[in-house]
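Chains as they are written, first to last, in the working numbering: chain A, 1 to 156; chain B, 1001 to 1376.
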């Protein structure tokens, strides 16, 4: 029999503070007015979400702020059903990539307003191509979670 | 300057042996294994490159804890963090400078000692946009899987067949997880992030591996069974997940570079060791490596092409689904590819291997890819 070797335990807590900078500050300030603003590349003309200082492909300054829609289309989605330490939300929850109308890149966020009582039935409710709209928090603080989630848009 | 760089010797230590050992001890043992194979002393080693990660070890400057254990005391040593395939490329380049005629390349992760994959990879996401919405290794792979399955009618059964194949192959690998699973077992396992079930996701393993690279002249001096690096390529995709095309990322470009450099076509590959932390990714990566047409990954596994008995065995070692020491897993693929070319892969040996392909990936859903082509 092998000997039983021992181990030690430690938890490390490290405080950080990150500067938003001018572009993210403006991006999130607009959230308080329920507005999602992207920045446009003068070269490839893409509207980039999240807003950013430069186009990563053309490597030039973006030169225009453009408001995009609070509504969009689900590019892909997933149902998260496992727990881990440090997780931002208690599972189960649905995540997705949303192509907002007027934007050329998708935004990763939560998809809410879905009945999660039977997980087997979630794929019947959430589909690629589904139309969704932002559901804003009542008290908005200027961060990505001012959008609580994107919820299915009732099509008339 | 050397024209060619060869792999002279390889060594690895798997989860079961490593789990209750101190990290320095396993690093020392794997290094001693290499030195004894080539009858070299520590003093004879040219340069030493290691791969590990501060977050994946819980010790900042991760290599400073164990660098003497890999023979690097008072030597020219450096680290390539996060993806160990980069340590391999760094070691190769150091030899090509002409400053060194040998390079020990090493990688280590002890998955049993650290927070889980999701906890650590949620920290890969930026704290402004993507971390607060919970992007991590598993959920981003699931977002990719849903899109892949929707576009090309790949099924959960196709993905489960990859797990059954690789876990079956792993039974022949002394360093891998040894527990056969069936397609049924995979489909019945708990949903982690739809459509990924628990068994679609790689475990978190302990492991270390190393290989000795040498200049052409030194390679011939040290071994009569050399493996030559014929082609390399690597590419990286966007930071923001929503900027990417998840089904057409950087792998095709990385593979093209490697094939062009080697002067070969994908059909000339005899065996591939590819990095598939999530079952369906083996199918997607096979398409992008040119082993089958776009969208035909499901057909590839259905027809048994990538089985041990198939035309192009993929992951005879059991792959990452059978052994996932996170940072080290890319170098493990290269070590396994080299063993196949040497004809020293034991029970997992594919007959008559002349050319092997090794692949490594890192970041969310294949943000970074490396492709390495090896020949005898």
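Idealized CB from N, CA, C, for every residue including glycine.
Only a predicted model underlies this, so the values are computations on that prediction, with no experimental measurement involved.
What would DSSP say about residue i, mapped onto helix, strand or coil?
i	result
residue 71/A	strand
residue 1064/B	helix
residue 1138/B	helix
residue 1157/B	helix
residue 1051/B	strand
residue 1313/B	coil
residue 965/B	The displayed coordinates of chain B run from 1001 to 1376. Any statement about residue 965/B would go beyond what the structure contains.
residue 42/A	coil
residue 60/A	coil
residue 1223/B	coil
residue 1091/B	helix
residue 133/A	strand
residue 1355/B	strand
residue 1236/B	strand
residue 1145/B	helix
residue 1027/B	helix
residue 22/A	helix
residue 99/A	strand
residue 1266/B	helix
residue 1033/B	helix
residue 1105/B	strand
residue 1056/B	coil
residue 1210/B	strand
residue 1372/B	strand
residue 148/A	strand
residue 1291/B	coil
residue 1275/B	coil
residue 1097/B	coil
residue 1361/B	strand
residue 1070/B	helix
residue 93/A	strand
residue 1334/B	helix
residue 1286/B	helix
Report the rounded CA-to-CA distance for residue i versus residue j, giving the unit in angstroms.
i	j	result
residue 1364/B	residue 1206/B	21 Å
residue 1086/B	residue 1095/B	14 Å
residue 1014/B	residue 1175/B	4 Å
residue 1349/B	residue 1274/B	16 Å
residue 1147/B	residue 1247/B	8 Å
residue 1358/B	residue 1371/B	6 Å
residue 139/A	residue 50/A	21 Å
residue 1028/B	residue 1332/B	17 Å
residue 65/A	residue 1289/B	39 Å
residue 1130/B	residue 105/A	14 Å
residue 13/A	residue 1136/B	20 Å
residue 71/A	residue 119/A	25 Å
residue 1362/B	residue 1250/B	12 Å
residue 1063/B	residue 1180/B	35 Å
residue 132/A	residue 1264/B	47 Å
residue 1292/B	residue 1219/B	35 Å
residue 1073/B	residue 1047/B	11 Å
residue 1024/B	residue 1069/B	6 Å
residue 1105/B	residue 46/A	43 Å
residue 154/A	residue 18/A	38 Å
residue 1/A	residue 1049/B	In this prediction, residue 1/A has a pLDDT of 47, which is less than 50 and means its spatial position is unreliable; what the coordinates show is noted afterwards. Between residue 1/A and residue 1049/B, the C-alpha separation is close to 36 Å.
residue 27/A	residue 1003/B	52 Å
My assumption, with CB atoms under 8 Å, is that residue i sits in contact with residue j. Please give the rounded CB distance.
i	j	result
residue 1171/B	residue 1007/B	With a Cβ gap of about 26 Å, residue 1171/B and residue 1007/B do not count as contacting.
residue 1138/B	residue 1160/B	Incorrect: roughly 17 Å between the Cβ atoms, too far for contact.
residue 1328/B	residue 1080/B	Between residue 1080/B and residue 1328/B the Cβ distance is about 12 Å, and since that is not below 8 Å, they are no contact.
residue 1313/B	residue 1341/B	About 13 Å; that fails the 8 Å criterion.
residue 76/A	residue 96/A	7 Å
residue 1122/B	residue 1134/B	7 Å
residue 107/A	residue 1193/B	Rounded, the Cβ-Cβ distance is 19 Å, inconsistent with contact.
residue 1335/B	residue 1209/B	5 Å
Who are the neighbours of residue i on chain D, taking C-beta pairs under 9 Å?
i	result
residue 67/A	Annotation note: the requested chain D is absent from the structure, which comprises protein chains A and B.
Contact between the stretch 112-127 of chain A and the stretch 141-151 of chain A (3+ Cβ pairs under 8 Å): yes
- Query: With a cut-off of 8 Å, do at least 3 Cβ pairs link the stretch 1234-1245 of chain B to the stretch 1341-1351 of chain B?
  - Reply: no
Note to self: Output needed in chain order: residues of the stretch 1176-1203 of chain B with a Cβ under 7 Å from some Cβ in chain A.
What the structure shows: 1191, 1192, 1193, 1194
- contact_flag[the stretch 1057-1070 of chain B, the stretch 1146-1153 of chain B] where n(CB pairs < 8 Å) is 3 or more: no
Taking a Cβ distance cut-off of 7 Å, strictly less, list which residues of the stretch 1104-1134 of chain B are near chain A, in chain order. 1115, 1116, 1118, 1119, 1122, 1127, 1128, 1129, 1130, 1132, 1133, 1134
- Can you list, in chain order, the residues of the stretch 1215-1246 of chain B whose Cβ is nearer than 8 Å to any Cβ on chain A? 1238, 1239, 1240, 1241, 1242, 1243, 1246
Taking contact to mean at least 3 C-beta pairs separated by less than 8 Å, is the stretch 33-51 of chain A in contact with the stretch 79-94 of chain A? no
Exercise. Give the residues from the stretch 1043-1058 of chain B that approach chain A closer than 8 Å (Cβ to any Cβ), ordered along the chain.
Key: 1058
Residues within the stretch 106-129 of chain A neighbouring chain B, beta-carbon criterion of under 8 Å = 106, 107, 108, 109, 110, 119, 122, 123, 128
Contacting positions in the stretch 78-98 of chain A - beta carbon closer than 7 Å to chain B: 78, 79, 80, 81, 82, 84, 85, 86, 87, 88, 89, 95, 97
**OP:** Compile a chain-ordered list of the residues in the stretch 1324-1351 of chain B whose CB is closer than 9 Å to at least one CB of chain A.
**Re:** none
- Message: If the cut-off is 7 Å on Cβ atoms, which residues from the stretch 30-42 of chain A count as contacting chain B, listed in chain order?
- Response: none
field: Against chain A: residues of the stretch 1133-1147 of chain B by CB proximity under 9 Å
entry: 1133, 1134, 1135, 1136, 1138, 1139, 1140, 1141, 1142, 1143, 1144, 1145, 1146, 1147
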